[in-house]
Structure formats: C-alpha cells, structure tokens
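Visitor: Questions regarding the structure given below will be posed in turn.
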Amino acid sequence: MKGSPEFFASLVIALVIHGLLFAFLYIPAGERELREDPTVFKLVDIDLYTPPPPAPPLKPPPPVQPPEPPPSPQQPPLNSKEPTLSPQETTAEKIEETDKPVQEPSIPYPLAPPPAPLSPPPSRLDEPESLPPHKISGPPKVPVDQVLRQLVYPPQANRQRIEGVVYLELYIDREGVIRKIEVLKDPGYGLAEAAVKAFQGVRCTPAEANGVPVAVRYRYPIRFKLR
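As structure tokens, then:
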C-alpha cells in the first residue's frame with residue numbers, strides 16, 4: 604500500500620535500477636574505461652585450507668601367542684619308597700701260592716695217519732733198453748715210403764697254409780718194433796699228431812753194434828711242406 608515502508612523500499616530499488624541503466628547507456632565507452640581504476644583490488648573470499656589433524660599412531664598388532672601344548676598324560680604317582688635290593692651272596696676264592704710245577708692235563712690228540720708210501724720215481728724200466736749212439740755201428744732203417752703213404756696233412760694246417768718240421772724220438776727194439784714215440788718239437792696245428800699216426804704199424808730194420816741187432820733211441824724229423 605502506498606505510504607508503507609515496503610512501498611518506499613521497492614520504489615528506491617526501482618529508481619536505483621533506472622539510474623544504473625541510464626548511466627550505462629549515456630556514459631561513453633571511453634569514459635567507462637577511464638573510470639575503471641586498475642588499482643582497485645577485488646576482495647575475494649578465500650577459504651584457508653587447514654590440514655586435517657594428524658592420524659593417531661598405529662598400534663602394533665598384538666603378539667601371536669603359540670598354542671598351548673596339550674596337557675601331558677598324567678603319570679601314576681611314584682612310590683616314594685626306594686626299592687630295596689636283596690643282598691647278594693658274595694663268594695671269594697682263596698689263592699694259594701706254591702712252588703710246585705703245574706702239570707697241564709694231557710689232552711689226547713688224534714695221531715696223524717702215517718704218510719702214504721712214496722711212489723717210486725719213474726724209472727727207465729718201462730723204456731726199452733737202448734745203447735748210446737757212440738756204441739752203434741749201424742743206425743736203424745725206417746721204411747720212408749710206408750711212412751709217407753700213411754702221413755696225412757692236417758686239414759687246419761692245410762687251410763691256413765702252415766708248414767713246419769716235427770721232431771720225434773723213436774724207441775726201436777732189437778726186433779725193429781717201435782715201442783715208444785716222444786715228440787721233441789711240435790709246431791702245432793695238428794702236425795705232431797699226424798706225424799705220430801704215420802708210424803702206426805711201421806716195422807723198421809734194427810740198429811747194429813758190431814753186427815748184432817740192438818735197441819736204440821733214434822731221432823727222426825718229419826717235414827710238412829705244401830706243394
């Protein structure tokens with residue numbers, strides 16, 4: 604209503620607004636720039652940043668306690684009385700010294716069997732009696748043709764082309780019979796065996812001593828040679 608304070612306040616606000624519009628419209632732009640004072644500071648509300656209060660110190664974690672051991676089984680109460688040991692009988696031996704010699708009991712030992720009788724050394728009784736070479740006037744004669752006919756070249760030596768000489772010692776009695784043959788030199792490969800077999804059933808002419816037939820030991824070589 605007119606004449607009330609509210610009416611006057613609204614009227615003043617309207618006049619101020621019209622005055623500002625009039626000043627803005629009718630004042631030249633250059634004067635408005637001059638009127639702006641660069642030294643005028645605008646007040647700005649600044650909210651000061653206050654740091655938050657420090658956090659309370661961290662409490663250390665409580666120590667971890669090991670688990671409690673299980674209760675040990677209860678042992679039966681020990682008897683407070685100490686065990687009594689039964690007295691043992693002690694025996695003592697009386698040692699007497701004497702100057703008499705001590706006789707050890709005789710222990711029968713089994714007698715060793717008597718040694719076996721020694722066999723007589725190989726004598727030359729089994730060998731045919733023979734005269735030494737210097738007492739022989741005529742050597743024995745061996746049938747060479749018969750020996751060569753019975754002589755067989757060993758297959759192993761023949762395959763491997765082995766040659767050699769076998770030395771034999773013939774025990775020829777006074778009848779011209781070969782009683783024993785010994786191998787003095789053997790090249791191997793079956794040559795000695797072949798030489799001995801070649802004299803099987805061979806009868807020689809006996810040696811002579813002053814025109815009398817005698818038994819001798821006669822060395823005879825057999826040569827194996829491939830053609």
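Here the working numbering is used: the first residue of the sequence shown is 604, the next is one more, and so on. Beta carbons: idealized from backbone N, C-alpha and C, even for Gly.
Is DSSP giving L773 helix, strand or coil here?
Guide: When DSSP states are grouped into helix, strand and coil, L773 belongs to the strand group.
Visitor: Can you find at least 3 beta carbon pairs, one from the region 817 to 829 and one from the region 754 to 771, that sit closer than 8 Å?
Guide: yes
Visitor: Report the residue from G793, V619 and A818 whose alpha carbon sits nearest the alpha carbon of P758.
Guide: G793
Visitor: Are there 16 or more other CB atoms within 10 angstroms of the CB of V817, so buried, or fewer, so exposed?
Guide: buried
Visitor: How about C807 and V745: are their beta carbons less than 7 Å apart?
Guide: Judged by beta-carbon spacing, V745 lies within the 7 Å limit of C807, meaning their Cβ atoms are closer than that value.
Visitor: Secondary structure at E796, three-state DSSP: helix, strand or coil?
Guide: helix
Visitor: Using the Cβ count rule (16 or more neighbours within 10 Å means buried), how would you classify F802?
Guide: buried
Visitor: Exposed or buried, which one is L773 when buried takes at least 16 other CB atoms within 10 Å?
Guide: buried
Visitor: Going by other Cβ atoms of all chains shown within 10 Å of its Cβ, with 16 needed for buried, is L651 buried or exposed?
Guide: For L651, the predicted structure reports a pLDDT of 45, less than 50, and the residue's modelled location is therefore unreliable. A value from the coordinates is still provided. L651 should be labelled exposed.
Visitor: Nearest-angstrom Cα distance between V780 and L829?
Guide: 30 Å
Visitor: Which one of P743, A795 and P657 has the shortest CA to CA distance from A812?
Guide: Looking at the Cα atoms, P743 is the closest of the given residues.
Visitor: Assuming K800 and Q753 make a contact with CB atoms under 8 Å, what is their CB distance in whole Å?
Guide: 7 Å
Visitor: Between which two residues does the alpha helix (DSSP H) harbouring A760 extend?
Guide: P758 to R762
Visitor: Is it right to say V619 is buried, meaning 16 or more other beta carbons lie within 10 angstroms of its own, or is it exposed?
Guide: exposed
Visitor: Rounded to a whole number of angstroms, what is the C-alpha to C-alpha distance between V815 and G791?
Guide: Using only the alpha carbons, I get a separation of about 38 Å.
Visitor: What is the DSSP secondary structure of G779, counted as helix, strand or coil?
Guide: coil
Visitor: Between which two residues does the alpha helix (DSSP H) harbouring V747 extend?
Guide: V747 -> alpha helix (DSSP H) spans V747 to Q753.
Visitor: With a threshold of 16 other CB atoms inside 10 Å of the CB of A612, please say whether the residue is buried or exposed.
Guide: exposed
Visitor: Let's test the definition: count the other Cβ atoms within 10 Å of the Cβ of K703 and tell me whether it reaches 16, buried, or not, exposed.
Guide: Residue placement at K703 cannot be trusted, given a pLDDT of 40 that sits under 50; the coordinates are not used to answer.
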